[in-house]
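Down below is the structure, laid out as structure tokens.
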Amino acid sequence: RCFCGRVVRRKLKKLPKLTLSVLSKEVISASLSDSAGNSCPLPLGVIPGSVACPNTLSSPVSPSMLSFWEGKEKRFLSTSQPPGCCIFPPLRPKLLSAAEVPNSFEGIPLLPNSKPFTGLLFTFWMLVAALSPSCLHVEAVVVGTVLAKAIHSLSRIGDELYVEPQEDGLALRSVNSSRSAYACFLFAPLFFSRYTVHTGHTFRCKMAIKSVQAVFRSLASLEKTVEKCHIELDDQNNRLTFTLHCKHGLMKTHNLSFQDSESLQAVFDKDSYANVFRSHPRLLVDTVMHFPPSLEEVTVSVSDERMWVRNHVEEEGDQSKAMLTELCLASDEFDHFAVQAHNSVTFCLKELRGLLVFAESTGLPISMYFDEPGRAHTPPLPPPDDFMNDDIDSYLIAMDTSVAPGPSATGPPTPPFADSICSKQTAAASHRTRLHSEEEEEEETTSSGRPPNKKFCSLFFGSVLPPSSQISTQPVSSQQVLASDSEDDVHSFSLFFLNLSSSFSLLSRTLRLILLSLELSFSSPSSSTCFPVPDPSLKS
Amino acid sequence: MPLSTQSQGDDEQYVLVASLDNARNLSNILKAITFKDHAIFSATPNGLKVTVEDSKCLQANAFIQAEIFQEFTIRDDSVGFQVNLTVLLDCLNIFGGSIVPGVSTALRMCYKGYGYPLTLFLEEGGVVTVCKINTQEPEEPVDFEFCSTNVTNKVILLSESLKEAFSELDMTSEVLQITMSPSQPYFRLSTFGNSGNAHYDYPKDSDMMELFRCTKTQTNRYKMSLLKPSTKALALSCKVSVRTDSRGFLSLQYLVRNDDGQICFVEYFCCPDEEVEEQ
Chain A
1 RCFCGRVVRR
11 KLKKLPKLTL
21 SVLSKEVISA
31 SLSDSAGNSC
41 PLPLGVIPGS
51 VACPNTLSSP
61 VSPSMLSFWE
71 GKEKRFLSTS
81 QPPGCCIFPP
91 LRPKLLSAAE
101 VPNSFEGIPL
111 LPNSKPFTGL
121 LFTFWMLVAA
131 LSPSCLHVEA
141 VVVGTVLAKA
151 IHSLSRIGDE
161 LYVEPQEDGL
171 ALRSVNSSRS
181 AYACFLFAPL
191 FFSRYTVHTG
201 HTFRCKMAIK
211 SVQAVFRSLA
221 SLEKTVEKCH
231 IELDDQNNRL
241 TFTLHCKHGL
251 MKTHNLSFQD
261 SESLQAVFDK
271 DSYANVFRSH
281 PRLLVDTVMH
291 FPPSLEEVTV
301 SVSDERMWVR
311 NHVEEEGDQS
321 KAMLTELCLA
331 SDEFDHFAVQ
341 AHNSVTFCLK
351 ELRGLLVFAE
361 STGLPISMYF
371 DEPGRAHTPP
381 LPPPDDFMND
391 DIDSYLIAMD
401 TSVAPGPSAT
411 GPPTPPFADS
421 ICSKQTAAAS
431 HRTRLHSEEE
441 EEEETTSSGR
451 PPNKKFCSLF
461 FGSVLPPSSQ
471 ISTQPVSSQQ
481 VLASDSEDDV
491 HSFSLFFLNL
501 SSSFSLLSRT
511 LRLILLSLEL
521 SFSSPSSSTC
531 FPVPDPSLKS
Chain B
1 MPLSTQSQGD
11 DEQYVLVASL
21 DNARNLSNIL
31 KAITFKDHAI
41 FSATPNGLKV
51 TVEDSKCLQA
61 NAFIQAEIFQ
71 EFTIRDDSVG
81 FQVNLTVLLD
91 CLNIFGGSIV
101 PGVSTALRMC
111 YKGYGYPLTL
121 FLEEGGVVTV
131 CKINTQEPEE
141 PVDFEFCSTN
151 VTNKVILLSE
161 SLKEAFSELD
171 MTSEVLQITM
181 SPSQPYFRLS
191 TFGNSGNAHY
201 DYPKDSDMME
211 LFRCTKTQTN
221 RYKMSLLKPS
231 TKALALSCKV
241 SVRTDSRGFL
251 SLQYLVRNDD
261 GQICFVEYFC
271 CPDEEVEEQ
């Protein structure tokens, strides 16, 4: 249903089977097929020396944990390349066609209708992995301060720590409040002296990161006194227990409470990024050192031989007080420097600093991937359809409304959650996790159109639970749609509403958000038609 | 030293005269008990005792023996007065707090008696400062009636292990629970904060445990806000003795070595927060 803008709907197809074929030691091909027999190949890249990851995996899979079917048999693939950890500021969805969407992969939940993100992406590699068996509780015994440093690094990203014990390791993740930066540390089982995790039961929880930081407060004393750290997750009692065995027989036990959480995974396609760089963290540390600590955003521009890093100066700001700092890095300062697209990206520096502290302490190389900022292409409009009669449980609604009219085909592709400059874009949300950013700063570098004369911009963004057959078995908390509210620009904000059968509190929150948008829309002449008619079941 | 050349005749008027070559020997100890403005000074021929109290639930005492002082003269059996501790510390540090080796502030503390101010003569590098601090009627310190015969559990620990634990204590917890037991967990500090609970266990055979004498399993809770000031004393000390009596009252005794290697004691008494069933 069209209002002031366009409605784009995506019908999710369920594609349950992912097939990986090993073509050579370093190249794997993958294809997805659904029950209807449709299949599509997934483009895979090759990361030198490592196993390629299908581009729709949510996190780099530890290569030795990669398993796949060959025919009807399950096989495991192992390499010696360690898995890694990623930080993504900022993220932009790239729309894929429905056929490209996988539904699941070996227990690592993918996002149906998942879109690999473009944007700037940092990763670095950590330790090796090995297979390991199963139990109901996660128990990990670990020595060393790397875990503590990872937690401190994650605390620079967001306020909450998402813990997900997986077969291929313990994943610690965090995302910032505006959903523009995400970090994931995947500790492979081999990192621990003992690692046991229950298979068949995906467990996720989140907790305030400050409470976990309190366990590992002083890195210096940790190094000196802690001999062993035992982490036990007891989901029946809702406790995550950290036991630090210290010198002189002292034992510190921390029982932390947690909440069940949704899955927090960013989807990205490392292999499809046009620009790839790798360097020792020292280089990046020395680069960011020149910027004042209060600096929020930096712009990175690349050409074939050079990379420029400069602070981002608001054009509307006070020009007389602005100071522009620019550094130029030559390609030979990097271990790897591959540029295919001469682009610029602007991102928030704060989260990067947190990562750099960690990277520098471990001395591991950092890889940087980016493409275009906010690249998203406009999907073709679906035929007009009766909103209310649709199977609400299985589609996504993304609607971008604005006063300014205009055809969808014109203008640069821009993501929907940006400010009023971008008026026409839509994006589909993912089922599970959605991370996107509100890079108003990016829009300044990418949008070529002039901002239209808008009085407001509202975005309704929907995501739904899987079809009703699965609803009863899945807790609402596993549903995850994240969207960010733009704090800065009253004219643009994003909303999300969850499945209509989700809990009432979520509903009421959504209604409140929707009402908020109505207030703003009253200034617009077209406000009366700008609101979707809710589904009758919603009213009940 | 100029102070010592003062005519001895002046001393006749003073009820109490105490001299220190290094005023830091006194000021450091007093810092360990400064959580309230006012302190009760009680001097006997044995030495000086300074008491600070909080809401009748917490009492801190600093003991500086007469031997610590270069000169300690007292005319009566006991001399008592109350002064503003913050002001006193400011005066003791009047030459600045920086520690330069070889340079120290000399102190001569004189008190004429009831109604007279406390007079401090401070000298450093030839410069003399005279401070007169008004004294007040000394309040009677609470007698916690903590006697050794009533002690059920006693533990002496090296301070460095406790220092770490106290610095990491979860401040969102209202209480600090201390469990002492002849069996596991022997000696345990527990907090119950917003994010969960934490336990610090010290086994009885640990290197850090100098003495372990527990007769009965006892668990007592003490208000965190009351015990927080004791961390200052803990930071200065090298050993701490933790004792609880049958009522659950807590006595923490800190052994402090001053700059010259002499020993002073700081003691904290704390009331338990609530009755906990003994296990």
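Chains as they are written, first to last, in the UniProt record's numbering: chain A, 1 to 540; chain B, 1 to 279.
The beta carbon of each residue, even a glycine, is placed where N, CA and C say it ideally should be.
So, at 6 Å on beta carbons, what are the nonlocal neighbours of residue i in its own chain, with the 5 sequence-adjacent residues on each side left out?
{"i": "B/D201", "result": "P185 and R188"}
{"i": "B/E268", "result": "One point to set straight first is that residue 268 of chain B is Tyr, not Glu, in the sequence displayed. If we look at B/Y268 and ignore the five residues flanking it on each side, its Cβ neighbours are A60, S230 and L252."}
{"i": "A/G158", "result": "S174, V175 and N176"}
{"i": "A/V226", "result": "L244 and C246"}
{"i": "B/T119", "result": "C110 and K132"}
{"i": "A/M307", "result": "L329"}
{"i": "A/Q259", "result": "K206"}
{"i": "A/S132", "result": "For A/S132, the predicted structure reports a pLDDT of 23, less than 50, and the residue's modelled location is therefore unreliable. The matter cannot be settled from this model."}
{"i": "B/A62", "result": "I29, I33, V50 and V266"}
{"i": "B/T129", "result": "I94 and L122"}
{"i": "A/A322", "result": "V313"}
{"i": "B/D260", "result": "none"}
{"i": "A/E305", "result": "S331"}
What are the residues that DSSP puts in a beta bridge with residue i?
{"i": "A/R156", "result": "Answer is none; A/R156 lacks a bridge partner."}
{"i": "A/M307", "result": "A/V302 and A/L329"}
{"i": "B/A106", "result": "B/E123"}
{"i": "B/Q177", "result": "B/S190 and B/R221"}
{"i": "B/K56", "result": "Looking at the DSSP assignment, B/K56 forms no beta bridge with any residue, so it has no partner."}
{"i": "A/P165", "result": "A/L170"}
{"i": "A/Y182", "result": "A/V175"}
{"i": "B/D201", "result": "A/M251 and B/R188"}
{"i": "B/N84", "result": "B/H38"}
{"i": "B/I133", "result": "B/L118"}
{"i": "B/F63", "result": "B/K49 and B/F265"}
{"i": "B/M209", "result": "B/L157"}
{"i": "A/F347", "result": "A/V298"}
{"i": "B/T44", "result": "B/G47"}
{"i": "A/K206", "result": "A/Y162 and A/Q259"}
List the whole-angstrom C-beta distance separating residue i from residue j, where the pair is believed to meet the contact cut-off of C-beta under 8 Å.
{"i": "A/T287", "j": "A/L329", "result": "7 Å"}
{"i": "B/L89", "j": "B/T34", "result": "6 Å"}
{"i": "A/L172", "j": "A/F185", "result": "5 Å"}
{"i": "A/S257", "j": "B/S195", "result": "6 Å"}
{"i": "A/L355", "j": "A/A150", "result": "Contact doesn't hold; Cβ gap of about 10 Å is too wide."}
{"i": "B/T51", "j": "B/V83", "result": "The pair is not a contact, with the Cβ atoms about 12 Å apart (cut-off 8 Å)."}
{"i": "B/C270", "j": "B/L227", "result": "6 Å"}
{"i": "B/V19", "j": "B/F69", "result": "According to the sequence displayed, residue 19 of chain B carries Ser and not Val. At roughly 6 Å, the Cβ-Cβ gap stays under 8 Å, so B/S19 and B/F69 are in contact."}
{"i": "B/F146", "j": "B/D37", "result": "The Cβ separation is near 25 Å, so there is no contact."}
Please list, in chain order, all residues of the same chain as residue i whose beta carbon is under 7 Å from its beta carbon, the five residues on each side excluded.
{"i": "B/N197", "result": "S190 and T191"}
{"i": "B/I64", "result": "L26, I29, G47, L48 and C264"}
{"i": "A/P407", "result": "Confidence at A/P407 is low in this model, with a pLDDT of 33, below 50, so its placement is unreliable and the value that follows should be read with caution. Answer for A/P407: no residue qualifies."}
{"i": "B/L234", "result": "S159, L162, K163, F166, V240 and Y254"}
{"i": "B/Q76", "result": "Per the sequence shown, residue 76 of chain B should be read as Asp rather than Gln. Correct list, in chain order: V15."}
{"i": "B/V79", "result": "V15, L16, A43 and Y111"}
Is the closest heavy atom of the ligand ADP to the C-beta of residue i under 7 Å?
{"i": "A/R310", "result": "Looking for the ligand ADP in the displayed structure turns up nothing, as the structure carries no ligands at all."}
Using a Cβ-Cβ cut-off of 8 Å (strictly less than) and excluding sequence neighbours within five positions of residue i, which residues of its own chain qualify?
{"i": "residue 570 of chain A", "result": "A query on residue 570 of chain A cannot be resolved here, the shown segment of chain A reaching from 1 to 540 and no further."}
{"i": "A/L283", "result": "L329, E333 and F334"}
Closer than 9 Å, Cβ to Cβ, to anything on chain A: give me those residues from the region 207-232 of chain B, in chain order.
Along the region 207-232 of chain B, going in chain order, the ones with a CB nearer than 9 Å to a CB of chain A are D207, M208 and M209.
So if I threshold CB-CB distances at 7 Å, which residues from the region 72-105 of chain B count as touching chain A?
For the region 72-105 of chain B, which is checked against every Cβ of chain A, not one residue is closer than 7 Å.
The region 205-228 of chain A: positions lying closer than 9 Å to chain B by Cβ:
Residues M207, A208, K210, S211, V212, A214, V215, R217, S218, S221 and T225.
Inter-stretch contact at 8 Å, needing at least 3 Cβ pairs: the region 171-178 of chain B / the region 208-223 of chain B
With the cut-off at 8 Å, the region 171-178 of chain B and the region 208-223 of chain B touch.
Please name the residues in the region 243-274 of chain A whose beta-carbon is closer than 7 Å to at least one beta-carbon of chain B, in chain order.
Those residues of the region 243-274 of chain A that come within reach of chain B (Cβ to Cβ, closer than 7 Å) are H248, G249, L250, M251, K252, T253, H254, N255, L256 and S257.
Say whether the region 118-125 of chain B touches the region 199-219 of chain B, bearing in mind that this needs 3 or more beta-carbon pairs closer than 8 Å, one atom from each stretch.
Counting Cβ pairs under 8 Å, fewer than three are found: no touch.
Three Cβ pairs or more, each shorter than 8 Å: is that satisfied between the region 336-349 of chain A and the region 285-299 of chain A?
Three or more Cβ pairs drawn from the region 336-349 of chain A and the region 285-299 of chain A lie within less than 8 Å of each other, which places the two stretches in contact.
Using a Cβ distance threshold of 8 Å, determine whether the region 134-141 of chain B contacts the region 93-108 of chain B, with at least three qualifying pairs required.
Here the region 134-141 of chain B does not lie against the region 93-108 of chain B, with fewer than 3 beta-carbon pairs under 8 Å apart.
Proximal residues, the region 163-193 of chain B versus chain A, C-beta separation under 7 Å:
Closer than 7 Å at the C-beta level to chain A, one finds these residues of the region 163-193 of chain B: E164, E168 and D170.
With 7 Å as the limit, tell me which residues of the region 137-165 of chain B have their beta carbon closer than that to any beta carbon of chain A; keep them in chain order.
Residues of the region 137-165 of chain B with a C-beta atom less than 7 Å from some C-beta of chain A are S161 and E164, listed in chain order.
Under 7 Å, CB to CB, which of the residues in the region 240-252 of chain B have a partner in chain A?
The region 240-252 of chain B vs chain A, Cβ under 7 Å: nothing.
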